[in-house]
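Residue numbers (our numbering): 66 to 181. Backbone N, C-alpha and C define an ideal beta-carbon position, used for all residues, glycine too. These figures come from a predicted structure and were not determined experimentally. To start, the structure under review is shown below, and the notes come after it.
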Amino acid sequence: MTIQEAARRSGLSAHTLRYYERIGLIHSVDRDGKGHRDYTEQDLTWLEFLTRLRSTGMPIADMCRYADLRRQGPHTAPERQRMLEAHRARVAARIAELAQDLEVLDYKINFYKEMS
């Protein structure tokens, strides 16, 4: 699929897709006969995973490290697992903080409701 189609389906801009390719988050995408990028379903699956990592706050540098390890092959699976476990712990801690923030907001909202 073209870069425009990949952008539409992934929710990322064409600029972001080119940037991700340039910094090594995605491999050099195959090209069609005219030299245009030709994305596959596998590329979209990888982009979806990268989007999840980014939306959960993983720094780009860590994402690049993970992508590099992935390209190196299955023998890097333990290190990739450790990276994801550490990131998961950070996400869980952030969720706990947000839950506490939500409680404070609910308290204040209820306070104002009782005033009316």
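What's the C-alpha gap between Arg102 and His140?
By 1-based counting over the sequence shown, the position of residue 102 is 37. By 1-based counting over the sequence shown, the position of residue 140 is 75. So the two alpha carbons sit approximately 29 angstroms from each other.
So Val94 and Tyr104 are supposed to be a Cβ contact under 8 angstroms. How far apart are they, rounded?
As a position in the sequence shown, residue 94 is number 29, starting the count at 1. As a position in the sequence shown, residue 104 is number 39, starting the count at 1. Confirmed, about 6 angstroms.
Pick out whichever of Thr81, Gly100, Asp108 and His80 has its Cα sitting closest to the Cα of His92.
Against the sequence shown, residue 92 aligns to sequence position 27. The candidate whose alpha carbon is nearest that of His92 is Asp108.
Can you check the segment 101 to 153 for any alpha helix (DSSP H) of at least 4 residues that lies completely inside it and give the ranges in chain order?
For the segment 101 to 153, whole alpha helix (DSSP H) runs of length 4 or above, ordered along the chain, are 106 to 120 and 125 to 137.
Identify the continuous alpha helix (DSSP H) that holds Thr81 and give its terminal residues.
The residue given as residue 81 occupies position 16 in the sequence shown. It spans Ala79 to Ile88 - the alpha helix (DSSP H) in which Thr81 sits, taken as one unbroken run.
Compare the C-alpha of Leu77 against each of Lys173, Trp111 and Lys178 and name the closest.
As a first step, residue 77 must be located in the sequence shown, where it is residue number 12. Of Lys173, Trp111 and Lys178, the residue nearest in Cα terms is Trp111.
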